[in-house]
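Taking my numbering, the leading residue of the sequence shown gets 25, the next gets one more, and so forth. Backbone N, C-alpha and C fix where the C-beta goes; we use that ideal spot for every residue, glycine too. If you're wondering where the values come from, they're calculated on a predicted model, not measured in any experiment.
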Amino acid sequence: MTKSPESPRTQRECYGTAAPGAYGDAMKRVVVWGTGFVGKMVIAEIVDHPGFELVGVGVSSADKDGRDAGEICGLEPLGITATRDIDALIALRPDALVHYGPTAAHADANIEVIGRFLRAGIDVCSTAMTPWVWPAMSLNPPGWIEPITQACAEGGASCFTTGIDPGFANDLFPMTLMGLCSRVRRVRASELLDYTNYEGDYEFEMGIGCEPDYRPLLEHRDILIMAWGATVPMIAHAAGIELDEITTTWDKWVTDTPRRTVKGVIEPGRVAAVRFTINGVYRGETRIQIEHVNRIGRDAAPDWPSGTQDDVYRVDIDGTPSISQETAFRFTDGSGRDAATAGCLATGLRALNAVPAVNDLPPGWVTALDLPLIPGTGTIR
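(1) Give me the Cβ distance between Ile320 and Ala296, rounded to the nearest whole Å; I'm assuming they're in contact under 8 Å.
(2) Taking the beta strand (DSSP E) that Lys276 belongs to, which residues open and close that run?
(3) Determine the burial state of Ser162: buried for a count of at least 16 other Cβ atoms within 10 Å of its Cβ, exposed for fewer.
(4) Given a cut-off of 8 Å on the beta-carbon distance, is the pair Thr332 and Glu350 in contact?
(5) Got a sec? Which residues, its chain only, sit under 7 Å from Ala68 by beta carbon, not counting five neighbours each side?
(6) Taking three-plus beta-carbon pairs below 8 Å as touching, is the segment 136-156 in contact with the segment 171-179?
(7) Can you give me the C-alpha to C-alpha distance between Asp119 and Gly288, rounded to a whole angstrom?
(8) Starting from the N-terminal side, write out each stretch of the beta strand (DSSP E) that is 3 residues or longer and does not extend beyond the segment 332-401.
(9) Pick helix, strand or coil for His130, following the three-state DSSP scheme.
(10) Check the DSSP bridge columns for Asn303 and list the partner residues they point to.
(11) Verify whether the separation of the beta carbon atoms of Val339 and Ser182 is less than 8 Å.
(12) What's the gap between the Cα of Thr200 and the Cα of Ala381?
(13) Could you spell out the range, first to last residue, of the alpha helix (DSSP H) harbouring Asp246?
(14) Three or more C-beta pairs closer than 8 Å, one from the segment 370-389 and one from the segment 223-236: is that the case here?
(15) Apart from the five residues just before and just after Asp195, which ones in its own chain have a Cβ nearer than 6 Å to its Cβ?
(16) How about the segment 348-364 and the segment 127-142: do they share at least three Cβ pairs that are nearer than 8 Å?
(17) Use the C-beta contact count for Pro198: other C-beta atoms within 10 angstroms, 16 or more gives buried, fewer gives exposed.
(18) If we require 4 or more residues per run, which alpha helix (DSSP H) segments fall completely within the segment 97-170?
(19) Anyone know if the C-beta pair for Glu265 and Ile302 falls short of 8 Å?
(20) Please state whether the Cβ-Cβ distance between Val56 and Val81 is less than 8 Å.
(21) Among Gly293, Pro165, Leu142, which one has its Cα closest to the Cα of Ala129?
(22) Would you kindly work out how many angstroms separate the C-alpha atoms of Tyr222 and Asp335, rounded to a whole number?
Shown next, in the form of structure tokens:
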């Protein structure tokens with residue numbers, strides 16, 4: 025059933041009327057698209073979650089099509105066959121598609137999948153298209169925005185994109201802390217991570233492991249802002265200001281010793297750390313800043329910022345009062361999984377846990393500014 029802008033469901037209808045500890049009436053039926061690094065982890069968490077029922081799994085690769093989703097994810101068989109058939113997944117009439125597709129480098133494929141669910145009246149919560157964290161960002165290509173706007177209107181559905189970067193670490197955390205201040209002179213959200221065990225792509229994108237004269241993709245101003253800077257104009261909008269401009273900086277640190285990573289060895293003379301910023305300038309001064317410091321080894325680029333712990337997301341507010349907050353994602357279950365993996369799981373679960381709230385909103389684009397507090401129904405059990 026599609027949503028009507030005139031009569032959105034009440035919070036009671038959205039979250040159910042079950043007594044505390046009883047989640048049957050509140051259970052949300054979801055289809056998960058994507059069984060990559062994040063999708064696999066989230067599916068494993070849904071299996072015994074009292075608030076969600078996994079009814080379908082979508083994949084894009086032929087070698088996964090037709091296989092049991094549990095087998096793909098390293099679990100016991102789930103009795104759910106992964107499929108590339110979008111129509112078959114839509115026919116399941118889930119409450120939402122939870123989409124863990126590829127990055128915006130595969131925008132056309134993401135728009136095709138997400139748009140079809142939206143046109144069918146099915147809400148979408150996704151991590152894939154990070155520029156959609158703030159759809160109003162001027163650098164978003166019209167061809168990325170208009171099809172989704174139209175699909176939401178046609179189906180009466182909502183589309184929400186989160187992510188750890190950009191995402192709650194760079195919008196929810198700083199904006200929540202700004203609400204404790206009377207005045208903010210500068211707010212900075214920083215990612216301070218050791219990439220030694222990180223298996224994702226960073227060579228072409230960041231130039232880590234490359235010669236220092238190589239100019240990586242994200243060193244280009246507009247690409248960096250479009251990829252990871254959407255939270256800067258979002259925060260400005262939330263604070264009621266209009267930025268003069270958005271600028272960027274990019275610095276590299278070259279190692280003089282070999283550095284082993286999970287992906288191989290970075291030889292001396294190559295880049296082993298990068299530091300970049302995306303800066304919202306207001307009245308001639310940087311007032312909003314997104315910062316990344318990504319290293320290979322804790323001792324790399326020793327003069328650059330670090331957290332009081334390793335692998336943290338940090339918010340610093342110079343204001344009245346000034347506030348500093350560090351957030352560390354960790355596994356304490358004895359699995360041995362590292363901090364980067366914990367952060368990736370948190371990214372995926374933010375999208376999943378947002379489903380009930382997104383279901384309760386009128387059709388259209390959804391951002392962090394539209395969502396209520398999401399405490400994670402069913403997480404304490």
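Reading off the structure:
(1) Translated into the one-based positions of the sequence shown, residue 320 becomes position 296. Translated into the one-based positions of the sequence shown, residue 296 becomes position 272. Indeed they touch by this definition, with Cβ atoms about 4 Å apart.
(2) Locating residue 276 in the sequence shown gives position 252, counting from the first residue. Counting along the chain, the beta strand (DSSP E) containing Lys276 begins and ends at 269-278.
(3) Here residue 162 is taken as the residue at index 138 of the sequence shown, counted from 1. Classification of Ser162: exposed, given that the 10 Å Cβ count is below 16.
(4) Mapped onto the sequence shown, residue 332 falls at position 308. Mapped onto the sequence shown, residue 350 falls at position 326. It is a contact, given that the beta carbons lie within the stated cut-off.
(5) Walking along the sequence shown from the start, residue 68 turns up at place 44. Taken in chain order, the residues that qualify are Cys97, Leu99.
(6) yes
(7) Taking the first residue of the sequence shown as 1, we reach residue 119 at position 95. Taking the first residue of the sequence shown as 1, we reach residue 288 at position 264. C-alpha separation (whole angstroms): 43 Å.
(8) 336-344, 347-351, 388-390
(9) Looking up residue 130 in the sequence shown gives position 106. Note: His130 maps to helix in three-state DSSP.
(10) Looking up residue 303 in the sequence shown gives position 279. Asn303 pairs with Thr271, Gln313.
(11) Counting from one through the sequence shown, the residue named residue 339 turns up at place 315. Counting from one through the sequence shown, the residue named residue 182 turns up at place 158. Not closer than 8 Å, so no.
(12) One-based indexing of the sequence shown puts residue 200 at position 176. One-based indexing of the sequence shown puts residue 381 at position 357. C-alpha separation (whole angstroms): 18 Å.
(13) The residue labelled residue 246 in the question sits at position 222 within the sequence shown. Residues 245-252.
(14) no
(15) Looking up residue 195 in the sequence shown gives position 171. Thr255, Met258, Ala392.
(16) no
(17) As a first step, residue 198 is located in the sequence shown; it is residue number 174 there, counting from the start. By the neighbour-count rule (16 or more Cβ atoms within 10 Å), Pro198 is buried.
(18) 110-114, 131-143
(19) As a working note, residue 265 is residue 241 in the sequence shown. As a working note, residue 302 is residue 278 in the sequence shown. In the sequence as displayed, the identity of residue 265 is Ile instead of Glu. For Ile265 and Ile302, no; Cβs fall outside 8 Å.
(20) If you number the sequence shown from 1, residue 56 lands on position 32. If you number the sequence shown from 1, residue 81 lands on position 57. The answer is yes: Cβ separation under 8 Å.
(21) As a first step, residue 129 must be located in the sequence shown, where it is residue number 105. Among Gly293, Pro165, Leu142, the Cα nearest to that of Ala129 is on Pro165.
(22) Here residue 222 corresponds to residue number 198 of the sequence shown, with the count starting at 1. Here residue 335 corresponds to residue number 311 of the sequence shown, with the count starting at 1. Distance between the alpha carbons of Tyr222 and Asp335: 11 Å.
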